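Asker:
Now the structure itself:
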């Protein structure tokens, strides 16, 4: 039997929401749809001319109730959930655990760049992972755990003169007005890395870096202007740049 990801997802939401002071919010599906993110990204036009609508703040996840014994999730009226990257992260973690239980000593599970590792690759004591910047990539060594990136490099569009993207700030219900281009973090589990990277992006470079330090999570924060900073224990001295 595999892990039932669909039931584990809502069980973790209150914990994640409280730990991030509500910045992680899975109950923003309606707001995403209103912004036009209701189809695959390849089908979104580069420019939209429909009127910009006011955002609706989030926070309704607090009314969600989970009964793991009865396998029942009760939602407030009208609420719709979008677990996004956290579902991908949980799937990565579950797949890696199954490989470990099957006796596999070394493996990488990669879901669109968000990944977790087990053991070491052949003839090496580390995995080399490419992480994105604004105009370049870097490689960093990864010895254990997981890595995830949250950003707008591939998921943004114009609505009139306003740049839109899929990373919503639950305080406004609109795309986060962040000075960041991307955030990459290293954590013990891919699920955790997904949540932390998204929260740091929404907060912006200064409060995002403070958030990472508070939780002692390594990160790389790349700003829209191409400048960047790292939060220890990110392996800054071991980064090798690859120009695009």
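Residue numbers (my numbering): 1 to 244.
Cβ coordinates follow ideal geometry from the N, Cα and C atoms, glycine included.
As the structure is a prediction and not an experimental result, all values here were calculated from the model.
Go to residue 201, then tell me how far its alpha helix (DSSP H) extends in each direction, as first and last residue.
Answerer: Residues 190-203.
Asker: If you compare alpha carbons, which of 153, 119, 149 is closest to residue 143?
Answerer: Ranking the options by Cα distance to residue 143, first place goes to 119.
Asker: Quick check: residue 227 and residue 183, are their CB atoms within less than 8 Å of each other?
Answerer: Cβ atoms of residue 227 and residue 183: not closer than 8 Å.
Asker: Output the distance between the C-alpha atoms of residue 29 and residue 122, rounded to the nearest integer angstrom.
Answerer: Using only the alpha carbons, I get a separation of about 42 Å.
Asker: Please state whether DSSP places residue 159 in a helix, a strand or coil.
Answerer: DSSP places residue 159 in strand when its eight states are reduced to three.
Asker: Determine the DSSP secondary structure at residue 70, reduced to helix, strand or coil.
Answerer: In this structure, residue 70 counts as coil in the three-state DSSP scheme.
Asker: Put residue 89 into one of helix, strand or coil per three-state DSSP.
Answerer: Helix, per DSSP.
Asker: Let's test the definition: count the other Cβ atoms within 10 Å of the Cβ of residue 16 and tell me whether it reaches 16, buried, or not, exposed.
Answerer: Looking at its Cβ environment, which holds 16 or more other Cβ atoms inside 10 Å, residue 16 is buried.
Asker: Over what stretch of residues does the alpha helix (DSSP H) that includes residue 34 continue unbroken?
Answerer: First-last of the alpha helix (DSSP H) with residue 34: 29-34.
Asker: Go through its chain and collect everything with a Cβ distance to residue 24's Cβ below 7 Å, but skip five positions before and after it.
Answerer: Closer than 7 Å at Cβ, skipping near neighbours: 16, 17, 195, 198, 199.
Asker: Can you give me the C-alpha to C-alpha distance between residue 223 and residue 155, rounded to a whole angstrom?
Answerer: Their backbone Cα atoms lie some 16 Å apart in a straight line.
Asker: Locate the beta strand (DSSP E) running through residue 136, then write down its first and last residues.
Answerer: Unbroken beta strand (DSSP E) run through residue 136: 136-142.
Asker: Give the DSSP-derived three-state secondary structure of residue 241 in the structure shown.
Answerer: The answer is strand: DSSP assigns residue 241 an E or B state.
Asker: Could you say if the segment 205-213 and the segment 102-114 meet the contact criterion of at least three C-beta pairs nearer than 8 Å?
Answerer: No, because fewer than three Cβ pairs between the segment 205-213 and the segment 102-114 fall closer than 8 Å, the two stretches do not touch.
Asker: CA-CA distance, residue 138 and residue 163?
Answerer: In a straight line, the C-alpha of residue 138 is about 27 Å away from that of residue 163.
Asker: Using only the alpha-carbon positions, how far apart do residue 117 and residue 160 sit?
Answerer: If I take the Cα positions, the gap works out to 42 Å.
Asker: Report yes if the CB atom of residue 32 is closer than 8 Å to the CB atom of residue 168, and no otherwise.
Answerer: Taking 8 Å as the Cβ cut-off, residue 32 and residue 168 qualify as a contacting pair.
Asker: Identify every residue that forms a DSSP beta bridge with residue 184.
Answerer: According to DSSP, residue 184 bridges with 149, 220.
Asker: Leaving out the 5 sequence neighbours to the left and right, which residues in its chain are closer than 6 Å to residue 80 when beta-carbon positions are compared?
Answerer: Only 29, 30 meet the Cβ criterion.
Asker: According to DSSP, is residue 230 part of a helix, a strand, or is it coil?
Answerer: Reduced to three states, the DSSP call for residue 230 is strand.
Asker: Is it the case that the Cβ atoms of residue 114 and residue 193 are separated by a distance below 8 Å?
Answerer: In this structure, residue 193 lies closer than 8 Å to residue 114 by Cβ.
Asker: Provide the residue span of the beta strand (DSSP E) that contains residue 75, from first to last.
Answerer: Run containing residue 75: none; DSSP gives neither H nor E here.
Asker: Strictly by DSSP, which residues pair up with residue 108?
Answerer: In the DSSP output, where bridge partners are listed per residue, residue 108 has 117.
Asker: What does DSSP give as the partner residue(s) for residue 81 in the beta ladder?
Answerer: Beta-bridge pairing links residue 81 to no other residue.
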